[in-house]
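Report on one structure; see the data block that follows.
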Amino acid sequence: MGFSQHGTVKIVNGIGIYAGITQYDLVSNNFTTKKGAGWMLGASATVDLPHKWYNMSYNIQLAENNLGIAASNIGYSNEEFIDYKVLTAQIALLVHIKLIESFLTIDVGPMLQYNGQLDLDDKNQGGFMIANYNNLLAKDIKEISRFNVDGAIGLSAGFNHFRLKAQYIYGILNTLDNLNKQNLDQTGNTGKFKGNQSMLAFTAMVSF
248 MGFSQHGTVK
258 IVNGIGIYAG
268 ITQYDLVSNN
278 FTTKKGAGWM
288 LGASATVDLP
298 HKWYNMSYNI
308 QLAENNLGIA
318 ASNIGYSNEE
328 FIDYKVLTAQ
338 IALLVHIKLI
348 ESFLTIDVGP
358 MLQYNGQLDL
368 DDKNQGGFMI
378 ANYNNLLAKD
388 IKEISRFNVD
398 GAIGLSAGFN
408 HFRLKAQYIY
418 GILNTLDNLN
428 KQNLDQTGNT
438 GKFKGNQSML
448 AFTAMVSF
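Per this note's numbering, numbering through the sequence shown is continuous, rising by one, with the last residue being 455.
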């Protein structure tokens, strides 16, 4: 008579910190926008599962994002892109699908997001008229919705202690929905305010 038992599989937990750049936009028919560059900082707690086709990680990341929205100075016909910034804080649960063991993975999962208001870089441009509207000022659109649910997909490549990551993050909820509750003057474009966040992030991570 013999007896055998499956050997234990070592599960490796790791902590990583990462930083990089972002490219942010609002996909909307209400505004004419231009993507802007920003920065991102984050931390990750990873569970490495050698016997599975995937790994898991919990992530928290903070970013300052920038974008341009077309507007014109009152009394002038020429339009220009005026700069806004928005701070985002995101918590994510990601599945890392192994393409080449843990060296190259597809990263996918949901995110919960809290963001600040849409802040003008130059407060003196608050009286500019937003393109496509007759009476909507640049300062009127700052109070966007503060919470969002995002979907994220990306690639990461590297070794145990260093990885490069590329990630696309799309806001599922209407980022501009809160503007619909503010009784803003929409003369010239009376459609409902609707826009979805679109963000690219390129980061480098060091793990411990």
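Just so you know, even glycine gets a beta-carbon here, dropped at the ideal spot from N, CA and C.
*Whose C-beta lies closer than 6 Å to the C-beta of D424 among residues of the same chain, with five residues either side of it excluded?*
One-based indexing of the sequence shown puts residue 424 at position 177. Cβ within range, chain order: S392.
*Simplified DSSP state of I321, which is helix, strand or coil*: Working through the sequence shown from its first residue, we reach residue 321 at position 74. Of the three classes helix, strand and coil, the one that applies to I321 here is coil, per DSSP.
_Reference N427; option with closest CA among I388, L367, T335_ = For the purposes of this step, residue 427 is taken as residue 180 along the sequence shown, with counting starting at 1. Nearest option by C-alpha distance: I388.
*Which whole-angstrom value describes the C-beta separation of Q433 and Y380, a residue pair presumed to lie in contact below a C-beta threshold of 8 Å?*
Counting from one through the sequence shown, the residue named residue 433 turns up at place 186. Counting from one through the sequence shown, the residue named residue 380 turns up at place 133. Indeed, because the Cβ distance is near 6 Å, the residues count as touching under 8 Å.
_A336, enclosing beta strand (DSSP E) - first and last residue_ = Position 89 of the sequence shown, counting from 1, holds the residue named residue 336. Counting along the chain, the beta strand (DSSP E) containing A336 begins and ends at 326-347.
*What are the partner residues of G285, as DSSP defines its beta bridges?*
The sequence position of residue 285 within the sequence shown is 38, counting from 1. G285 pairs with T269.
*Anyone know if the C-beta pair for A290 and G263 falls short of 8 Å?*
Numbered from its first residue, the sequence shown carries residue 290 at position 43. Numbered from its first residue, the sequence shown carries residue 263 at position 16. It is a contact, given that the beta carbons lie within the stated cut-off.
*Measuring alpha carbon to alpha carbon, tell me which of T279, G363, N302, P357 ends up nearest G261.*
Locating residue 261 in the sequence shown gives position 14, counting from the first residue. Nearest Cα to G261 within the set T279, G363, N302, P357: N302.
_Euclidean distance between Cα positions of T293 and Y361_ = By one-based count along the sequence shown, residue 293 stands at place 46. By one-based count along the sequence shown, residue 361 stands at place 114. Taking the straight line from one Cα to the other gives about 23 Å.
*Check whether the region 345-353 touches the region 272-291, counting contact only when three or more Cβ pairs, one atom from each stretch, lie closer than 8 Å.*
Under the 8 Å Cβ criterion, the region 345-353 does not count as touching the region 272-291, having fewer than three qualifying pairs.
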